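Engineer: Straight run, no breaks: the sequence shown in this note's numbering ends on number 175. Note that CB positions come from ideal geometry on N, CA and C, so glycine has one too. Predicted, not measured: the structure shown is a model, and the values here were computed from it. I'd like to ask some things about the structure below.
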Amino acid sequence: MFPRYSSSLLLLARRYSTTAENDLRKALNSRVKDAMKSKNQLASTTLRSVLSEINAADKAASSPVSSSAIISIIRKAHARRQDSATQFTQASRPDLAEKELKEAELLEEFLPPLLSQDQVDTHLREVIGTLTPEEKAAGPKITGKIFKMFYGKVDKSVVDPEMVKKRVGVLLAEA
């Protein structure tokens, strides 16, 4: 009837009512519902456990946690499952390892891609470029300041902290 009017209302409603954290929560909740409807026990229990961790973090913070905190919770759950799978493989339990790998694969769907080493290097070079020669000469003592400046530019949920730590050491040695 009034297609132009209705589309602008939908755009306004979308603009003012959604946030990234709510989108991620909604995606998790809808996947749990879909898994329960399709009687997919593996998916429903895995996603319920992640939602449980998110709700516990909400209660600990006494307010809803941010989307980056939700992503870090999902990353930790993914890492736990990967670690469990390797331990089960070493213990000659391929059936349990396969289950853990399926759970990890399911959680990967909700994770944004990590920054590549080149992208991390670019940001770190910018940060190191702002340092004075005296600070660069301080070597490992200045890494705390570098991390603080780096994570001021980049969200912690999209980088691998171990890679950042290694790259800071390498790039400081070059500078």
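How far does the alpha helix (DSSP H) with Ala91 in it extend, from its first residue to its last?
Structural biologist: Neither: Ala91 is in no alpha helix (DSSP H) and is coded neither H nor E.
Engineer: Rounded to the nearest angstrom, what separates Lys153 and Pro94 at their Cα positions?
Structural biologist: For Lys153 and Pro94, the distance between alpha carbons rounds to 42 Å.
Engineer: Would you please verify whether the beta carbon of Leu24 is less than 8 Å from any beta carbon of chain B?
Structural biologist: Checking the listed chains, one finds no chain B in this structure; it contains a single protein chain.
Engineer: So, for Thr143: in the same chain, excluding its five sequence neighbours on each side, which residues have a beta-carbon less than 6 Å away from its beta-carbon?
Structural biologist: Counting only Cβ-Cβ distances below 6 Å, and skipping sequence neighbours, we find Val168.
Engineer: Near Gly139, which residues of its chain fall below 7 Å by C-beta distance, leaving aside the five closest residues on each side in sequence?
Structural biologist: Excluding positions up to five away in sequence, the list reads Leu172.
Engineer: Return the chain-ordered list of same chain residues with a C-beta closer than 7 Å to the C-beta of Leu47, the five sequence neighbours on each side being excluded.
Structural biologist: Here the set comprises Leu28, Arg31, Val32 and Ala35.
Engineer: With a 10 Å radius around its C-beta and 16 neighbouring C-beta atoms as the bar for buried, classify Glu109 as buried or exposed.
Structural biologist: Answer is exposed; the Cβ neighbour count stays below 16.
Engineer: So, Leu114 versus Val50, is the Cβ gap smaller than 8 Å?
Structural biologist: Cβ distance not < 8 Å, so Leu114 and Val50 don't count as in contact.
Engineer: Identify, in the order they occur along the chain, each residue of the same chain with its Cβ nearer than 7 Å to the Cβ of Leu96, setting aside the five sequence neighbours on each side.
Structural biologist: Result list for Leu96: Phe88, in chain order.
Engineer: With H, G and I counted as helix, E and B as strand and the rest as coil, what does DSSP make of Ala56?
Structural biologist: Note: Ala56 maps to helix in three-state DSSP.
Engineer: With DSSP collapsed to three states, give me the class of Ala138.
Structural biologist: If DSSP states are grouped into helix, strand and coil, Ala138 belongs with coil.
Engineer: In whole angstroms, give me the CA-to-CA distance for Lys37 and Ser44.
Structural biologist: Computed Cα separation, rounded: 9 Å.
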